[in-house]
Amino acid sequence: MADEPQEQEQEQAQDQGLPPAPPREEPSVQAIDPAQQSLADALRVSFGLLRLVMVVLVVVYLCSGIYQVPEQKEAVVTRFGKIVTDSAGKATKDRGLHFGWPFPIDNVILVPVNERTIDISQAFVYEGEGGSRPLNPDKDGSLITGDANLVHARFNAGYRISDPVAFLANFGDPEGVTSERLSVRGGAETIYVDANLTGLQIADALVTNMVEQGVVHAVASQPVVALIGSSLDSDQARAIAQAKLDELAVGITLTNITMRLPEMPQSVADAYQLVAQAEATRATRINEAESDRTKLLGEAAGKGALPVRGQDGPLVQLLKEYEIATTLDDTERIAELDTQLSEVFRSLTVTGDDGESLPIGGETATIINNAQIQRSQIAQRLKTEAETVLELKEAFEKDPELFKQRRWQYVLREVFSEDSGIELFYANSGQRIHLDVNRDPNIARTKERDRLESEIEQAKEDKRAGR
Numbered sequence: 036m037a038d039e040p041q042e043q044e045q046e047q048a049q050d051q052g053l054p055p056a057p058p059r060e061e062p063s064v065q066a067i068d069p070a071q072q073s074l075a076d077a078l079r080v081s082f083g084l085l086r087l088v089m090v091v092l093v094v095v096y097l098c099s100g101i102y103q104v105p106e107q108k109e110a111v112v113t114r115f116g117k118i119v120t121d122s123a124g125k126a127t128k129d130r131g132l133h134f135g136w137p138f139p140i141d142n143v144i145l146v147p148v149n150e151r152t153i154d155i156s157q158a159f160v161y162e163g164e165g166g167s168r169p170l171n172p173d174k175d176g177s178l179i180t181g182d183a184n185l186v187h188a189r190f191n192a193g194y195r196i197s198d199p200v201a202f203l204a205n206f207g208d209p210e211g212v213t214s215e216r217l218s219v220r221g222g223a224e225t226i227y228v229d230a231n232l233t234g235l236q237i238a239d240a241l242v243t244n245m246v247e248q249g250v251v252h253a254v255a256s257q258p259v260v261a262l263i264g265s266s267l268d269s270d271q272a273r274a275i276a277q278a279k280l281d282e283l284a285v286g287i288t289l290t291n292i293t294m295r296l297p298e299m300p301q302s303v304a305d306a307y308q309l310v311a312q313a314e315a316t317r318a319t320r321i322n323e324a325e326s327d328r329t330k331l332l333g334e335a336a337g338k339g340a341l342p343v344r345g346q347d348g349p350l351v352q353l354l355k356e357y358e359i360a361t362t363l364d365d366t367e368r369i370a371e372l373d374t375q376l377s378e379v380f381r382s383l384t385v386t387g388d389d390g391e392s393l394p395i396g397g398e399t400a401t402i403i404n405n406a407q408i409q410r411s412q413i414a415q416r417l418k419t420e421a422e423t424v425l426e427l428k429e430a431f432e433k434d435p436e437l438f439k440q441r442r443w444q445y446v447l448r449e450v451f452s453e454d455s456g457i458e459l460f461y462a463n464s465g466q467r468i469h470l471d472v473n474r475d476p477n478i479a480r481t482k483e484r485d486r487l488e489s490e491i492e493q494a495k496e497d498k499r500a501g502r
């Protein structure tokens, strides 16, 4: 095979009429320089290592598409700038290990989904130490309440990213820094400043603005007393702010709005404290009066008269209706209520608004029970007297003269009984008796004392005699 080129050269020379070329000698392997051999070996090893390094780099590059999504975060993957979704249409990746194409084919953006808190501590308060100076609208913030008062307060708000895709579309990378042009009010002028902010910082600013609007609306519907008592209608404030965020479709959900450190302007704080103290005293007096009212009603008529859910008890309602009907001279209503009250006092029970039968007790029940007892006693006494009258009538009809004598004897026995206090004097027949009667009560007391002393002496004598 090595002689073929030489033979071809000789044939070409003969065809061209040239003398044949002298035969060439093949180089010998022993004739190669050892330095060149070493160089060749080194190059071969180098190219092998280079191929190995390139393979490793390719593998490492491909493995760089593996990413980990930590707790409290979700990942959004973009491929050549377009958001990638799975077979179910979901565009976010949850916590765990995921596989994808390496950068710049795929770009993984981690979005925090845990709750974030913003502090609104300057918008509605004095700038610096306000003291008792008047409010400066250019510097000081305040809120107008529903009863046209001013109040200062600080607020905290919490939110979370509920739609990472919408959030990225509006704010970009949460951790990435972007250049924003901000407006800063300085006195009567507005100054624009270029600032480098992350997506989360821009979102904080937007949420702060929306929460402030919601707070203004909520405070405007409440009295100052409720706000100073830290009773903000946070549901209303959150609903208003959330509606504005939903209109912008920024993927943010508010979780809470809380008010802290509410206070009146310093210039009227002292006067408000006096009003607050008066209101507290008023509330205390009202509570005491309600307590006394409940106690008195319970003592007067028991459970049937006690208030129910802040309303008068059923017995008190009936009595008030009866009083109104009497004042209006409504005879039909009076008769109806009179029947109801008669039944109530007869049974000592009254029906509540929910149909429950409530007992009537206290002094009312005592008086009614005593009246029923007296009525029974009077009825029994009248019955006995009527029977006695009938018996006397029957005896009179039988023998009127005998009846008169017996009645006269009966009267004498009743009049001159031992307990009557009448002293009897007996004289012989035909003698004239002269009685001096003294109605002085001292004489009666003296006689009574003498009688008691006589009985005591008699008791002592009986004791000494061993009787």
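Residues 36 to 502 in the working numbering are what the sequence shown spells out, letter by letter. From the three backbone atoms N, C-alpha and C, an ideal C-beta is built for every residue, glycine too. Note that the structure is a prediction, hence the values are computed from the model and not measured.
Can you give the beta carbon distance from residue i to residue j, rounded, assuming they're within the 8 Å contact cut?
i	j	result
Thr243	Ile153	5 Å
Ser177	Phe202	Not a contact, Cβ separation roughly 33 Å.
Leu350	Ala336	5 Å
Val343	Asp373	That belief does not hold up - the Cβ atoms of Val343 and Asp373 are roughly 24 Å apart, past 8 Å.
Thr399	Ser392	Rounded, the Cβ-Cβ distance is 16 Å, inconsistent with contact.
Glu150	Thr290	6 Å
Ile403	Leu383	7 Å
Gly397	Glu449	About 43 Å separates the two Cβ atoms, so there is no contact after all.
Leu132	Gln103	6 Å
Tyr96	Pro139	Between Pro139 and Tyr96 the Cβ distance is about 11 Å, and since that is not below 8 Å, they are no contact.
Ile263	Met299	7 Å
Lys355	Asp364	Actually they are not in contact, since the Cβ atoms of Lys355 and Asp364 sit about 16 Å apart, beyond 8 Å.
Thr362	Ile369	Wrong, their Cβ atoms sit about 10 Å apart, outside the cutoff.
Ile155	Glu247	6 Å
Short check: CB of residue i to CB of residue j, under 7 Å?
i	j	result
Val112	Val143	yes
Pro394	Lys330	no
Gly135	Asp129	no
Val259	Val186	yes
Asp268	Gln257	yes
Leu235	Pro199	no
Leu296	Arg189	yes
Val212	Thr233	yes
Ala272	Val250	yes
Val148	Glu106	no
Asn205	Val285	yes
Ala324	Leu332	no
Just verifying my parser: in three-state terms, what is the DSSP assignment at residue i?
i	result
Tyr161	coil
Phe451	coil
Arg114	strand
Ala318	helix
Pro349	helix
Gln72	helix
Leu145	strand
Val228	For Val228, the predicted structure reports a pLDDT of 48, less than 50, and the residue's modelled location is therefore unreliable. A value from the coordinates is still provided. Val228 falls in the strand class under three-state DSSP.
Ala223	Per-residue confidence for Ala223 stands at a pLDDT of 45, beneath the threshold of 50, marking its modelled position as unreliable; no derived number is given.
Asp154	strand
Gly193	strand
Glu325	helix
Lys108	strand
Val259	helix
Ala123	coil
Thr233	strand
Lys338	helix
Arg498	In the sequence under discussion, the amino acid at residue 498 is Lys, which differs from the Arg named in the question. Correct three-state label for Lys498: helix.
Leu185	strand
Ile179	strand
Leu132	strand
Ala66	The predicted model places Ala66 with a pLDDT of 47, which falls under 50 and marks its position as unreliable; any figure quoted below should be read in that light. Correct three-state label for Ala66: helix.
Tell me which same chain residues have a C-beta within less than 7 Å of the C-beta of residue i, skipping the five on either side of it?
i	result
Glu432	none
Tyr307	Met299
Phe380	Ile403
Beta-carbon within less than 6 Å of residue i's beta-carbon, same chain only, minus the 5 sequence neighbours each way: which residues are those?
i	result
Tyr161	Asp175
Gly222	The predicted model places Gly222 with a pLDDT of 43, which falls under 50 and marks its position as unreliable; any figure quoted below should be read in that light. Cβ neighbours of Gly222 beyond the five flanking positions: none.
Leu280	Met245, Ile287
Ala253	Asp268, Gln271, Ala272
Please list the segments of the beta strand (DSSP E) lying wholly inside the region 273-312, counting only runs of 3 or more residues, in order along the chain.
287-298
Every unbroken alpha helix (DSSP H) within the region 381-441, with a cutoff of 4 residues, ordered by chain
397-433
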